[in-house]
Each structure stands twice: as structure tokens, then as C-alpha cells.
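Visitor:
Number of protein chains: 2
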Amino acid sequence: MKKLINSPERVIDDALVGMARAHPDLLVVHTNPHMIVRADAPMRGKVGVVSGGGSGHEPMHGGFVGKGMLSAACPGAVFTSPVPDQMLAATKAVDGGAGVLYIVKNYTGDVMNFEMAAELAAAEGIEVASILTNDDVAVQDSLYTAGRRGVGVTVLLEKIVGAAAEAGATLAECQRLGEKVNAQGRSMGMALTSCTVPQAGGPTFDLGEDEMEIGIGIHGEPGRIRMPLASAAEVVELLAMPILTDLPFAAGDSVLAFVNGMGGTPLIELYIVYNELTRILKDKQITIARNLVGNYITSLEMAGCSITLLKLDDELTRFWDAPVHTPALRWGM
Amino acid sequence: MKKLINSPERVIDDALVGMARAHPDLLVVHTNPHMIVRADAPMRGKVGVVSGGGSGHEPMHGGFVGKGMLSAACPGAVFTSPVPDQMLAATKAVDGGAGVLYIVKNYTGDVMNFEMAAELAAAEGIEVASILTNDDVAVQDSLYTAGRRGVGVTVLLEKIVGAAAEAGATLAECQRLGEKVNAQGRSMGMALTSCTVPQAGGPTFDLGEDEMEIGIGIHGEPGRIRMPLASAAEVVELLAMPILTDLPFAAGDSVLAFVNGMGGTPLIELYIVYNELTRILKDKQITIARNLVGNYITSLEMAGCSITLLKLDDELTRFWDAPVHTPALRWGM
Chain F
1 MKKLINSPER VIDDALVGMA RAHPDLLVVH TNPHMIVRAD APMRGKVGVV
51 SGGGSGHEPM HGGFVGKGML SAACPGAVFT SPVPDQMLAA TKAVDGGAGV
101 LYIVKNYTGD VMNFEMAAEL AAAEGIEVAS ILTNDDVAVQ DSLYTAGRRG
151 VGVTVLLEKI VGAAAEAGAT LAECQRLGEK VNAQGRSMGM ALTSCTVPQA
201 GGPTFDLGED EMEIGIGIHG EPGRIRMPLA SAAEVVELLA MPILTDLPFA
251 AGDSVLAFVN GMGGTPLIEL YIVYNELTRI LKDKQITIAR NLVGNYITSL
301 EMAGCSITLL KLDDELTRFW DAPVHTPALR WGM
Chain W
334 MKKLINSPER VIDDALVGMA RAHPDLLVVH TNPHMIVRAD APMRGKVGVV
384 SGGGSGHEPM HGGFVGKGML SAACPGAVFT SPVPDQMLAA TKAVDGGAGV
434 LYIVKNYTGD VMNFEMAAEL AAAEGIEVAS ILTNDDVAVQ DSLYTAGRRG
484 VGVTVLLEKI VGAAAEAGAT LAECQRLGEK VNAQGRSMGM ALTSCTVPQA
534 GGPTFDLGED EMEIGIGIHG EPGRIRMPLA SAAEVVELLA MPILTDLPFA
584 AGDSVLAFVN GMGGTPLIEL YIVYNELTRI LKDKQITIAR NLVGNYITSL
634 EMAGCSITLL KLDDELTRFW DAPVHTPALR WGM
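Note that the protein sequences, when read in sequence, are chains F and W.
According to the working numbering, the residues represented by the first sequence are 1 to 333, in order.
According to the working numbering, the residues represented by the second sequence are 334 to 666, in order.
1. How many angstroms separate the CA atom of residue 227 of chain F from the CA atom of residue 213 of chain F?
2. Would you call the segment 86–97 of chain F in contact with the segment 125–133 of chain F, where contact means no fewer than 3 C-beta pairs closer than 8 Å?
3. Measure from the alpha carbon of residue 155 of chain F to the alpha carbon of each residue in F:314, F:4, F:297, F:7, then state which is nearest.
4. With contact counted as at least three CB pairs below 8 Å, one residue from each stretch, are the segment 201–211 of chain F and the segment 232–250 of chain F in contact?
5. So is residue 615 of chain W buried or exposed if we call it buried at 16+ other beta carbons inside 10 Å?
6. Step through the CB atoms of chain W and report whether any lies within less than 8 Å of the CB of residue 187 of chain F.
7. Report yes if the C-beta distance between residue 283 of chain W and residue 221 of chain F is below 8 Å; otherwise report no.
8. Inspect the beta-carbon positions of residue 339 of chain W and residue 231 of chain F and report whether they are closer than 8 Å.
9. Hey, residue 627 of chain W and residue 665 of chain W are a contact pair by Cβ (cut 8 Å); roughly how many whole angstroms apart?
10. In this structure, does DSSP put residue 377 of chain W in helix, strand or coil?
11. Ignoring anything shorter than 4 residues or poking outside the segment 78–164 of chain F, list the alpha helix (DSSP H) runs there in chain order.
12. Taking the C-alpha atoms as reference points, what is the distance between residue 414 of chain W and residue 393 of chain W?
13. Would you list the residues sitting across from residue 311 of chain F in a DSSP beta bridge?
14. Have a look at residue 271 of chain F and residue 124 of chain F and give me their C-alpha separation to the nearest angstrom.
15. Quick check: what's the CA-CA separation for residue 402 of chain F versus residue 612 of chain W?
16. Might you give, ordered along the chain, the residues of its own chain that have their beta carbon closer than 7 Å to the beta carbon of residue 592 of chain W, omitting 5 neighbours on each side?
17. What is the C-beta distance between residue 36 of chain F and residue 73 of chain F, in whole angstroms, given that I count them as a contact (C-beta under 8 Å)?
18. So what does residue 637 of chain W bridge to, in DSSP terms?
19. Any beta carbon of chain W sitting closer than 8 Å to that of residue 266 of chain F?
20. Taking any Cβ of chain W, which residues in the segment 285–309 of chain F have a Cβ under 7 Å from it, in chain order?
21. Would residue 102 of chain F count as contacting chain B if we go by Cβ distances under 8 Å?
22. Evaluate contact between the segment 162–179 of chain F and the segment 37–55 of chain F, counting only Cβ atoms and requiring at least three cross-stretch pairs below 8 Å.
23. Tell me which residues share the same chain as residue 439 of chain W and place their Cβ nearer than 7 Å to its Cβ, disregarding the 5 neighbours each side in the sequence.
24. Just to check my reading of the structure: residue 470 of chain W and residue 523 of chain W have Cβ atoms closer than 8 Å, yes? What is that Cβ distance to the nearest angstrom?
25. So, is residue 160 of chain F buried or exposed, given that buried needs 16 or more other C-beta atoms within 10 angstroms?
26. Can you tell me whether residue 182 of chain F is buried or exposed? The criterion is at least 16 other CB atoms within 10 Å of its CB, across all chains shown.
27. Can you list, in chain order, the residues of the segment 35–64 of chain F whose Cβ is nearer than 8 Å to any Cβ on chain W?
28. With residue 69 of chain F and residue 324 of chain F assumed to form a contact (beta carbons below 8 Å), what rounded beta-carbon distance in angstroms separates them?
29. Using beta-carbon positions only, say whether residue 316 of chain F and residue 255 of chain F come within less than 8 Å of one another.
30. What does DSSP give as the partner residue(s) for residue 225 of chain F in the beta ladder?
31. Would you grab the beta carbon distance between residue 197 of chain F and residue 56 of chain F for me? Rounded to a whole angstrom, and I think it's under 8 Å.
32. With 8 Å set as the bound, which would you pick, yes or no: does the beta-carbon of residue 596 of chain W sit closer than that to a beta-carbon of chain F?
33. Looking at the secondary structure, which residues open and close the beta strand (DSSP E) in which residue 35 of chain F lies?
34. Could you check the C-alpha separation between residue 193 of chain F and residue 583 of chain W for me, to the nearest Å?
35. For residue 86 of chain F, count neighbouring Cβ atoms within 10 angstroms of its own Cβ and tell me buried if that reaches 16, exposed if not.
36. Is DSSP giving residue 601 of chain W helix, strand or coil here?
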């Protein structure tokens with residue numbers, strides 16, 4: 001295992017402290033329990049927006065804590081759900097009196113623990129609502145999931161709902177908006193290589209030198225098909241078509257096209273993937289009104305990519321465009 | 334070779350077109366000869382700032398084209414210098430009447446070709462000045478270099494000089510500023526793994542399963558020492574000490590600390606490296622006034638990192654903080 005770490009046990013603590021030291025203007029890090037909180041939390045009279053999940057997907061979620069996006073993030077161990085205590089502590093830290101919204105990716109542990117945290121928060125008099133993301137069209141049910149997995153849409157949803165909360169939307173409005181984003185977004189991913197969880201010490205799965213896996217999960221969960229390597233054009237076709245037919249997206253639609261790297265794929269390749277995606281969407285008479293290309297929801301050093309399409313309307317576009325200042329996403333300030 | 338490409342021959346063209354389609358508001362891409370130019374070039378009365386070099390280091394340089402940074406970038410084939418024709422075409426495209434500054438990393442091919450381009454531009458009546466970056470303290474002379482290699486400081490220099498050009502500084506002022514940045518910055522890198530140039534098809538060098546290379550170049554050029562894997566704390570010590578003693582940096586100095594990923598290293602590890610760096614600098618009574626953590630000057634999918642320290646003063650800090658809007662660096666707009 002080749003990693004720039006001090007020991008597998010210290011990965012999360014060391015990284016969180018490093019993150020806090022790099023971004024003291026934006027966030028505060030607590031290591032017991034682990035949470036990353038906006039430096040100016042709680043925002044009086046505004047909805048707090050909390051997400052979390054296993055670590056190893058950086059910059060998601062901690063890199064999205066800041067102005068106009070998340071109020072707090074709860075990082076679990078690598079690929080392991082955070083626990084209700086973390087979520088409750090984060091909830092209290094960001095509660096500004098207008099309630100707290102949880103953004104939960106659909107993995108069994110995350111769902112269960114955020115539900116428990118919501119009950120604990122309610123018992124302390126904090127109003128909590130939740131949004132579940134389940135945008136991965138690759139498979140129904142999976143290694144850690146009943147139903148579909150939550151993946152790339154989570155990033156877009158955190159930006160859009162975070163902007164609404166920043167603008168003073170109510171808890172109910174934030175929840176409705178988040179449900180709309182999840183309903184209008186679809187994703188699918190693929191892997192060229194596996195990745196290694198520090199505490200496991202070896203690859204999460206094996207993939208032959210001439211193989212790739214289409215429909216992979218962000219924890220290396222099995223996808224739809226393992227097949228011989230193909231060209232970028234073929235790979236994008238294999239990812240985009242199931243996404244397009246699932247919603248379905250149709251001629252005349254306007255979308256945000258998000259090409260995400262899994263962590264170990266050079267940016268140059270992500271632009272090649274984006275280029276292929278533009279060809280397919282043009283052919284379908286779908287307009288790309290906004291785009292995002294880069295490493296935002298990763299699987300450690302896995303080589304591969306995912307594609308997310310989000311159907312835009314004026315409301316989603318306005319909140320997407322709103323100023324944001326976090327370690328990983330920043331514009332307008 | 335596992336890459337998301339269509340063919341080794343098409344990598345640069347496909348990626349450049351994808352980049353143009355992702356950022357039409359910022360840049361225009363030409364494929365014959367290859368260049369990435371600010372959408373609003375030439376800026377009348379302002380110095381044009383041009384850089385370039387082999388591809389495979391993305392986002393450098395093309396991802397730094399935009400408002401407040403580069404006016405144009407000339408990408409060569411992967412790890413191969415661009416040619417004078419590209420540089421001349423870029424020079425003409427960005428010449429706004431105030432001259433054009435070349436930012437050149439110290440590699441023999443880049444130096445020679447930018448010199449030739451400067452002569453061609455002069456023959457066409459365009460005033461050109463050049464800055465050479467040679468901040469890598471690892472080795473004197475190298476596989477493609479006489480003297481020291483230009484690495485991480487190049488990113489910081491492009492931001493700082495780009496801000497000065499945007500603010501209306503003269504060609505001579507931009508050149509003086511660039512020389513100051515290069516003089517006040519030092520870098521060193523390391524690799525855990527090699528990388529594969531698409532047209533080569535196999536790893537650039539071999540590194541054992543239990544080995545790392547300290548002082549590596551961004552094209553996989555040999556470093557100072559190949560040694561057994563060590564902890565992040567030890568690795569950072571091995572990189573930071575030669576940097577600190579070379580300038581030298583001293584107690585009371587204020588620096589920009591830049592932890593750069595080589596492409597295949599997860600962000601979580603870069604924050605661990607940053608954390609170790611903060612410990613060392615604190616111990617030396619050096620203040621980190623600004624920082625940058627992420628993948629900015631990469632070597633395809635190489636796992637590893639580099640550290641760059643730049644001694645700051647009010648002038649450099651002001652231009653670093655100035656608004657920038659490029660695909661890879663953005664703030665204040």
C-alpha cells in the first residue's frame with residue numbers, strides 16, 4: 001500500500017487537522033466527535049445544512065463546508081458511515097433556530113444513523129428534515145444499499161440547497177428544493193482500477209489489466225458489467241445512455257453536465273470524457289447550460305469517472321449560480 | 334495502459350476541444366497550432382502573459398488561462414515541448430500593444446523554443462520579455478534540464494504576474510515581478526508511483542512496491558534518492574528541509590505554502606502532507622500567510638506530491654489575492 005499517511009489509524013484525524021489549518025477562514029474542525037463546521041455557524045434565522053458519510057470521497061463532503069453550501073459535514077472512517085453522535089453534535093453546532101436539513105446519500109448505514117440523529121435532535125427541540133439522494137442508475141440494490149445509490153447528484157444538491165438556505169429559504173422550502181434536485185438528476189460511474197482503503201491495506205476489488213467495470217459504486221461496489229477496456233467514446237456512451245433513458249431526458253431539455261473523476265484520473269482525461277458527452281447530448285438536442293468537470297466525489301485513488309446530468313430550470317440555475325466559497329467550490333466571492 | 338482516451342494520437346486534440354466546450358466564457362482553443370487563448374484577448378494596452386510546455390501537467394497551463402492569470406497557453410504533446418510556431422501564434426493572439434511576457438519552465442526544449450518564438454515575434458514588431466522558473470532544489474541539471482527544473486513556483490508566478498498584467502503593469506514591471514517570485518520560491522517533489530505517457534504505453538520508470546523517490550521531476554526525471562516508503566511526517570521533512578535551507582527561509586518569514594498533488598494522490602493525503610508542513614514551519618517560526626492545496630502541476634496519474642514555499646511581501650500578497658477566474662483557480666469573481 002503506497003500512501004502519504006502516518007498510519008492507517010491516523011488518516012482522518014491528520015487530514016482533518018490539515019484541512020482546518022488550510023482553511024481557518026471557512027471552517028472549524030472538531031476531532032471528538034469528528035465534524036467540520038462553518039466558522040461562522042450557527043447562522044441565526046437560517047436553515048443549517050448538514051451532510052456526511054464515509055471518508056475517502058474528498059472533497060465531498062468536508063470540502064463543501066462554507067458560505068453558500070454546507071453548514072457542517074460529518075466524516076466517518078474511510079468508506080464507513082459516521083455515527084449519530086457526530087450528526088447530533090453537528091446539528092447542534094449549526095442550529096440557528098430555523099431547523100436543520102440532512103442531506104443523506106442512500107447507503108444503509110448513513111440512512112439509519114441520520115434517522116437516529118434526527119430523533120435525538122428532535123428530542124432536544126431541533127426541527128430536522130432529511131433528503132435522500134439515490135441518483136445512481138447503474139443498479140437496483142447494492143452492497144451497502146437498498147434501492148439506488150446516492151452519488152454525483154449529492155454534490156449538485158449540496159450546492160443548490162446550500163444557496164437556498166443562505167438566501168433564507170425555510171426548512172420546508174429547502175427540503176422541497178432538495179427533493180426536486182434529486183428527482184431531476186441521474187448518474188452512473190465506471191472504474192479502470194480499484195482503490196485501497198488504508199485500514200484494509202489492499203485493493204477493494206480486483207480488476208484485470210485489460211478490464212474496466214461499468215456502473216461501479218463509489219466504494220467499489222459491483223456495477224452492471226465488467227468488460228474489456230474501450231475507447232472514451234464507447235465508455236461515455238455506456239454511461240450516458242442509461243442516464244438519458246432513465247429520467248428520461250428529452251430533446252429541448254437544458255442540463256447541468258457534471259463529469260467527475262474518481263480520484264486517480266488525470267484532468268486531461270476528464271476533459272476527453274466531457275467532450276464525448278457534449279457530442280451525445282448535442283445529438284439528442286439537449287443543451288448543456290452549466291457544467292462541472294473535476295474530482296468532486298471520489299473513491300480515494302481509483303481511476304475512473306462518473307457522469308451526472310441534472311435537468312435545470314430557472315430556480316435550480318439561479319441557486320447553482322449563486323456565490324459559493326468552500327475549499328472545493330468557489331465563485332462569486 | 335488504462336486511460337480514458339480514444340487513441341494516444343488524439344489525446345491532446347480531444348482534451349482541448351472538451352476544455353473549450355466546458356469553458357466557452359473563458360477561453361478559445363485553436364487546434365492548429367495548439368493554443369488556448371483568453372476569450373477576450375487581446376487586452377488593449379495590457380501585457381499579454383503566455384506560458385506553455387508539454388501536456389500531462391493539467392491543469393497547468395491551460396487551466397490557468399482566463400481573467401487575472403494567463404492570456405494564452407501553448408500545450409505540447411504529453412511531456413514534450415511546444416514548438417515556436419505555437420508560441421508565435423499565441424503571442425500575436427494576445428498582443429494588445431503593451432508587449433508579451435513568456436513564462437518558461439527551465440527545460441531545454443521549452444527554453445530553446447520560447448527563445449526562437451521571441452525572435453520571431455520581435456521580427457514582427459512585438460516586444461517580448463521572458464521569465465525562467467527554476468525553483469526545484471532537488472537536483473542541479475537533469476534529464477531535460479541544464480540547471481534547476483521549473484516546477485511549482487510556475488503556478489504561483491502565473492497567478493501573481495497575471496494579476497499585475499491585469500492591473501495594467503508594464504512589460505518591464507511584469508518581468509521584474511516574475512523574477513522576484515522565482516527568486517523567492519523553492520520547491521521539491523516526490524513520487525510513490527510512476528505514470529504512463531499515452532504514446533509510450535508503459536510506465537515512464539519503475540519503482541518497487543516498497544519504494545518511493547524523493548526529488549522526482551514532473552516528467553519522472555530522477556530525483557535525489559530512491560528509498561523505502563516512509564510516513565507522511567518523514568516525507569515532508571525530506572522535502573521541506575532542502576527547501577528551507579536553500580533560499581534560506583528564516584524565522585519571521587511569511588510564506589505561501591503550496592502542497593501540490595502529482596495527479597493520482599487523494600486530496601485527503603495532500604491535507605495530511607499540509608498538516609505535517611504546518612508543524613515544521615511553526616517550529617521554524619515561519620508564518621503561513623497563504624496556502625494552496627490540490628492538484629495544480631501534475632504528472633498524469635503519478636501518485637506523489639510536491640511542496641513549494643514562496644516568501645511573501647505586501648506586493649506578492651496583493652497580487653496573489655487579486656481576483657482570478659480561470660478553469661482551475663478562481664476567487665473574487
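No residue lacks a Cβ here, since even glycine has one placed at the ideal position from N, Cα and C.
Computed from a prediction, not measured in an experiment: that's the story for all the values here.
Guide: Quick look at the numbers:
1. 6 Å
2. yes
3. F:297
4. no
5. exposed
6. no
7. Outside the shown range of chain W (334 to 666) lies residue 283 of chain W, about which nothing can therefore be said.
8. yes
9. Their Cβ separation, rounded to whole angstroms, is 18 Å, which puts residue 627 of chain W and residue 665 of chain W out of contact at 8 Å.
10. coil
11. 84–94, 108–123
12. 14 Å
13. F:255
14. 48 Å
15. Here chain F covers residues 1 to 333 and nothing more, so residue 402 of chain F does not appear.
16. 603, 606, 607, 610, 626, 638, 640
17. 5 Å
18. W:524
19. yes
20. 291, 293, 298, 300, 301, 303, 305
21. The structure shown contains no chain B; its protein chains are F and W.
22. yes
23. 465, 466, 467, 478, 480, 481, 482, 483
24. Not a contact, Cβ separation roughly 13 Å.
25. buried
26. buried
27. 55, 56, 58, 59, 63
28. 5 Å
29. no
30. F:214
31. 7 Å
32. yes
33. 34–38
34. 44 Å
35. buried
36. helix
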